[in-house]
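Notes to accompany the following structure.
In this note's numbering, the protein residues as written are 5 to 690.
As structure tokens, then:
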């Protein structure tokens, strides 16, 4: 602004604030000495009393004699410039505060690569103080092997400055003051300043991330399954050794390739859409649940696979890590299992935990009358009569809680329901099967209708035979008692009147009547052998053996010896007493002396008690080892030794009815040995 002419008559000093007068008097002296002032900043007082910042240009006005006759003064108002400069200074201060507060190292350089600004994080990460870095070339922070490339890269960036990541796809490293290197990521940002373009670099120390990535890589590499990581475009970024083994590719052949290279042709067109859907809703899950998935090897062969998908958040965005399992062997085993089930002679039905049918065989179709397609995916209850269905879900839940191989409904009558509505009696064996999809139950179902009819008929006939034996015994023993009574009367009435031979005949007649009565009793006992009565008792086997021996040998002419361990177990006492009584009484009765020794030995195991009863008598020839167990068999004339020949037959039937066995062997040098087994727990045997 030029000072108006009317102000020329005012004193020069009146134009300036009082505080500025010394400077202005100095200017006048300079002017008097002939100097010119091109630019001088000061404050000017306006007529309204306000002050403005102005820039003065002052020159002397001279007359013809070169004498100073006045001053030419041009004043320019630059208050707007002051305000702008003040604002710029404040913005720069804010900018520096933001840079210094940044969590990453921040370094600003000029075109020459000289450092103009750093923050505290730069000092912390690189180990230099700020004053050691300012004015230094940026290469001080770069490992020597990369330094020669950096000037050209910097020149290229200044030619086309944009905000971007530096060295995309390359490993970048920083160099600390102590000479150690560390991996970094660098973001470049061009900054317009009054001095031209600068570059602000954001430097991140990624040492910990690299350590975590290496741990991740090692875990992936050591995985027993093929592991493949892809980006959102489906490009392969990582594979492990198992991927090379399973698919037949070298690692370098897969990296950067589309995932579809590992997928059979017929599935490829679906894959991009499925991948996009997963990236839009990422979650750890199995791929293609319920569908058969296949992988494609380098040689063109296909193989069945299972794939688990896992979203992985990385610095470069979302990735997907796929765990791929070659299930060829499992499929072969499943096929073998299917063939075994299919060939089974019984109906086989496999269900899941919800009771849905997953597998049946041909026998199931034949037995229940349904075609396979009508059963698969249906509830098991469709094969169960309506009156039992309400109980079945709870029973199934209990079984899945505590699965074991066992018969179903032990002790209960079970029925199946055919498609035509008819029922039939069945037995069911339950088998838990562990599969890739969880626990299943394979049921073996046997139609026992025919066996049940046969068993019922056998029971009916046995009952008839038992009734016959009882009636026959009762009806035959009545006349025998009458004959015995007559023989007794004759003996008493004819005492002293008949010769010895007649007396002997009467004695033999009465003895044979008694034998006949005993035979009838033993015959009835034989038919009842195995028909256990009474409750199961907890008994001491040693005490039982001693009690039986005392009954068989009340005069103590024989000696009893117990060997081995005699436990206490649950059993029916009466049939076991019958076995020991017959074996001990035979040892005493058939001994060839008046005295002897009977040894009872016990050898228990988890399921059975093994006993042996041996004596020191004359023994039994090996050729008779089977015959002695037959009905009505004796090895000596009945008139020499009293007996019906039924004792060992009763023993054998009693033992075998409980699942045990008995055999005879020779006791060297004398005697016989009877070895037999008896259930350790009678409740389990029943």
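Note that the Cβ used here is the ideal one computed from N, Cα and C, for glycine as well.
Residue(s) in a DSSP beta bridge with residue i
{"i": "residue 177", "result": "187"}
{"i": "residue 243", "result": "232"}
{"i": "residue 691", "result": "Any property of residue 691 remains undetermined from this structure, which presents the chain solely from 5 to 690."}
{"i": "residue 626", "result": "According to DSSP, which records beta bridges pairwise, residue 626 is partnered with nothing at all."}
{"i": "residue 445", "result": "355, 436"}
{"i": "residue 619", "result": "602"}
{"i": "residue 483", "result": "Note: residue 483 sits in no beta bridge, so no partner."}
{"i": "residue 193", "result": "204"}
{"i": "residue 318", "result": "321"}
{"i": "residue 669", "result": "677"}
{"i": "residue 451", "result": "430"}
{"i": "residue 171", "result": "According to DSSP, residue 171 bridges with nothing at all."}
{"i": "residue 560", "result": "DSSP lists no partner for residue 560."}
{"i": "residue 608", "result": "613"}
Residue closest to residue i, alpha-carbon to alpha-carbon, out of the options
{"i": "residue 490", "options": "252, 178, 511, 501", "result": "511"}
{"i": "residue 141", "options": "127, 120, 273", "result": "120"}
{"i": "residue 297", "options": "277, 286, 266, 115", "result": "266"}
{"i": "residue 486", "options": "314, 501, 513", "result": "513"}
{"i": "residue 615", "options": "623, 295, 622, 606", "result": "606"}
{"i": "residue 358", "options": "56, 403, 260", "result": "403"}
{"i": "residue 134", "options": "111, 193, 434, 148", "result": "111"}
{"i": "residue 283", "options": "292, 315, 350", "result": "315"}
{"i": "residue 449", "options": "197, 350, 211", "result": "350"}
{"i": "residue 561", "options": "602, 542, 585, 293", "result": "602"}
{"i": "residue 429", "options": "441, 451, 582, 173", "result": "451"}
{"i": "residue 127", "options": "181, 113, 355", "result": "181"}
{"i": "residue 654", "options": "663, 624, 582", "result": "582"}
{"i": "residue 495", "options": "508, 483, 136", "result": "508"}
{"i": "residue 317", "options": "600, 376, 286, 203", "result": "286"}
{"i": "residue 380", "options": "355, 400, 398", "result": "355"}
{"i": "residue 202", "options": "114, 611, 65, 663", "result": "114"}
{"i": "residue 520", "options": "279, 650, 580, 47", "result": "650"}
{"i": "residue 184", "options": "295, 131, 505, 407", "result": "131"}
Cutoff 6 angstroms; reference residue i; Cβ partners in own chain excluding five residues on either side
{"i": "residue 437", "result": "444, 446"}
{"i": "residue 144", "result": "none"}
{"i": "residue 250", "result": "230, 330"}
{"i": "residue 453", "result": "428, 429"}
Supposed contact pair residue j and residue i - C-beta distance, whole angstroms, cut 8 angstroms
{"i": "residue 669", "j": "residue 679", "result": "7 angstroms"}
{"i": "residue 553", "j": "residue 570", "result": "Going by Cβ atoms, the distance from residue 553 to residue 570 rounds to 13 angstroms, so no, they are not a contact pair."}
{"i": "residue 619", "j": "residue 591", "result": "4 angstroms"}
{"i": "residue 574", "j": "residue 540", "result": "5 angstroms"}
{"i": "residue 306", "j": "residue 262", "result": "Rounded, the Cβ-Cβ distance is 18 angstroms, inconsistent with contact."}
{"i": "residue 432", "j": "residue 413", "result": "7 angstroms"}
{"i": "residue 194", "j": "residue 155", "result": "At roughly 17 angstroms, the Cβ-Cβ gap does not stay under 8 angstroms, so residue 194 and residue 155 are not in contact."}
{"i": "residue 313", "j": "residue 324", "result": "6 angstroms"}
{"i": "residue 264", "j": "residue 238", "result": "7 angstroms"}
{"i": "residue 225", "j": "residue 244", "result": "5 angstroms"}
{"i": "residue 77", "j": "residue 60", "result": "6 angstroms"}
Limits of the unbroken beta strand (DSSP E) element including residue i
{"i": "residue 589", "result": "Segment 577 to 593 is the alpha helix (DSSP H) holding residue 589; no beta strand (DSSP E) there."}
{"i": "residue 677", "result": "676 to 683"}
{"i": "residue 361", "result": "361 to 364"}
{"i": "residue 60", "result": "55 to 66"}
{"i": "residue 542", "result": "541 to 544"}
{"i": "residue 151", "result": "Counting along the chain, residue 151 falls outside any beta strand (DSSP E), though it belongs to the alpha helix (DSSP H) covering 148 to 151."}
{"i": "residue 420", "result": "418 to 421"}
{"i": "residue 266", "result": "Per DSSP, residue 266 belongs to no beta strand (DSSP E) and is neither H nor E."}
{"i": "residue 117", "result": "No beta strand (DSSP E) contains residue 117, which DSSP labels as neither H nor E."}
Beta-carbon proximity list for residue i, same chain, < 7 angstroms, skipping 5 on both sides
{"i": "residue 388", "result": "396, 421"}
{"i": "residue 124", "result": "104"}
{"i": "residue 108", "result": "125, 206, 207, 208"}
{"i": "residue 346", "result": "365, 366"}
{"i": "residue 556", "result": "585, 588, 589, 592"}
{"i": "residue 596", "result": "621, 622"}
{"i": "residue 11", "result": "Here the model assigns residue 11 a pLDDT of 45, short of 50, so the residue's position is not dependable, and the following value carries that caveat. Closer than 7 angstroms at the Cβ level, and outside the excluded window around residue 11, lies no residue."}
Delimiting residues of the alpha helix (DSSP H) encompassing residue i
{"i": "residue 1", "result": "Outside the modelled stretch of the chain, which goes from 5 to 690, sits residue 1, for which no answer is possible."}
{"i": "residue 653", "result": "651 to 661"}
{"i": "residue 335", "result": "332 to 347"}
{"i": "residue 393", "result": "390 to 393"}
{"i": "residue 129", "result": "124 to 130"}
CB contact check: residue i to chain B, cutoff 8 angstroms
{"i": "residue 183", "result": "The structure shown contains no chain B, having only a single protein chain."}
Sequence-distant residues of the same chain with beta carbon closer than 8 angstroms to residue i, five excluded per side
{"i": "residue 168", "result": "191, 192"}
{"i": "residue 373", "result": "422, 423, 424"}
{"i": "residue 672", "result": "none"}
{"i": "residue 674", "result": "620, 621, 622, 623"}
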